[in-house]
């Protein structure tokens, strides 16, 4: 019925309204849940961001505080340095009363430039070096004399062995490796061991020794700039330069050399920091313990294997700077003081050829000849076979030969300049043919002969002439060039030299003959070409040479 239909429609509408309400309620609940979830996530993100922001701010504050501390520390150091410099500058000023009314202030000179007095003698001395190279060895010698322990055979052999090993280690590590980069070591631990052995030699640390040695090569024989300049005396170059305060110029040169980069820098720094302790331990204590433990000779090990061995090592190395620049030959260059000394090679294990070494400092050899006594070179070759060293540097043989030939030519030129070669041709007076005939006609007791356009007075030699006086008399007033050159007798080179000492003039019109002879014989102008016409390049004659000798280039 219609009523039933209306009820059905009404119920359907109610049911639909309930469903819509339930769906709306569910949707609203889901929306609220989603909002709550997102709000929670947002709050979590905000909390995390706030935490990280606080951490970043804390880290930034820490970094700022650290930088501020560093800046304050640097400022304090700079302030301390400035104050120190101001104090030193004040101390370095000396009040000098020039008159009663006009006082003046003068800067005090460096201690090395001032005279020794009773008031300042102690300031001239480098006390740390004096202790190592003089006082401790002297104490050892005094103990040796006072105690006079018997020299056990094994202790003697051990002392000699320690001496050889220490000297070769110093030559190989300090000199040829660190100072001149003549080779490379493959094993850093081996370098560390060698540095410890070298410290027992008592010749100062590698840093100081290498810097001084490189400064010596760069400024060899240059007064005050060379740390151990031989021109300041044998004692100074031997050990005085170590026990005295360096001159300001030498100190500056050494400081510049310290800027050079050395391989295995960390080992160099470590040895320098612990040098004195290593010297006492390796140089003195270990030899005593070794000899005492093996054959119960503690005292002998200390005095012979320690003090005496160190003394010998020190003065052997020092003698390179003194004897090596005083006694010996100079086959490669005599412009500087360095010399080759075979005896010095024996006591220094191969460091005696200083003339060769200063000319070719990068060569790992101290003399290229097979007979050169150089145990250090032999040790390096052995280590090369064992794979411990490589990249051995040697000088070009042609360069070595050139230096040798040039030096020998220089010696020959010096000898040649001292001999009598006769009056230089350009200084001889010129005679015309008529003037010469008149001179010959008027000279009844003289024998004047022309050879190659040059007039010779052979009177002093007439009686000694192998051909006799009649032959000389027959050539008087004549041109004897043909007879002198072989028509009568082919005269020797000695005869030509003797004839040159008798020249008194030159004949006009014969310039083409005597000009050539003039160029060959002029002793004041070195010969430019040899007998085959090849150019002779002498020491100092290279295009890159200058007239004034300065300090040696950075050949080190």
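In UniProt numbering, the protein residues as written are 1 to 556.
Cβ coordinates follow ideal geometry from the N, Cα and C atoms, glycine included.
Along the length of the stretch 144-205, whole alpha helix (DSSP H) runs at least 4 residues long occupy 153-169 and 188-199, reported in chain order.
Under DSSP, residue 389 takes part in a beta bridge, and its partners are 185.
Ranked by Cα distance from residue 319, the first of 330, 351 and 290 is 351. Relative to the Cα of residue 210, the nearest Cα in the group 263, 471 and 422 belongs to 263.
Between the alpha carbons of residue 223 and residue 181 lies a gap of roughly 27 Å.
Beta-bridge partners assigned by DSSP to residue 496: none are found.
In its chain, beyond the 5 residues on either side, no residue has a beta carbon closer than 6 Å to the beta carbon of residue 117. With 16 or more other Cβ atoms from the protein chains shown falling within 10 Å of its own Cβ, residue 237 counts as buried. Here the C-alpha atom of residue 471 lies approximately 41 Å from the C-alpha atom of residue 410.
For the pair residue 321 and residue 331, the CB atoms are not nearer than the 8 Å cut-off. Taking C-beta separations shorter than 7 Å and ignoring five residues to either side along the sequence, the partners of residue 316 in its chain run 167, 347 and 348, following chain order. Note on the stretch 208-271: whole alpha helix (DSSP H) runs with a minimum of 4 residues are 248-258, in chain order.
Under the Cβ criterion (8 Å, minimum of three pairs), the stretch 139-147 counts as touching the stretch 302-309.
Under the DSSP assignment, residue 491 falls outside any alpha helix (DSSP H); it carries neither an H nor an E label. Across the set 240, 27 and 184, the C-alpha of 240 shows the shortest separation from the C-alpha of residue 127. Pairing residue 59 with residue 50, the inter-Cα distance amounts to about 14 Å.
Here the alpha carbons of residue 437 and residue 509 stand approximately 14 Å from one another. The beta carbons of residue 244 and residue 124 sit about 6 Å from each other, so the pair counts as a contact at 8 Å. Bridge pairing for residue 431: 507 [DSSP]. Shown here, residue 476 sits in coil according to DSSP, grouped into three states, outside any helix or strand. For the alpha helix (DSSP H) assignment, the uninterrupted runs of no fewer than 4 residues enclosed by the stretch 281-347 are, from N- to C-terminal side, 286-295, 298-302, 309-322 and 342-347.
Per the coordinates, the alpha-carbon of residue 146 lies some 14 Å from the alpha-carbon of residue 307. When the alpha-carbon of residue 230 is set against those of 257, 251, 338 and 250, the nearest one is in 338.
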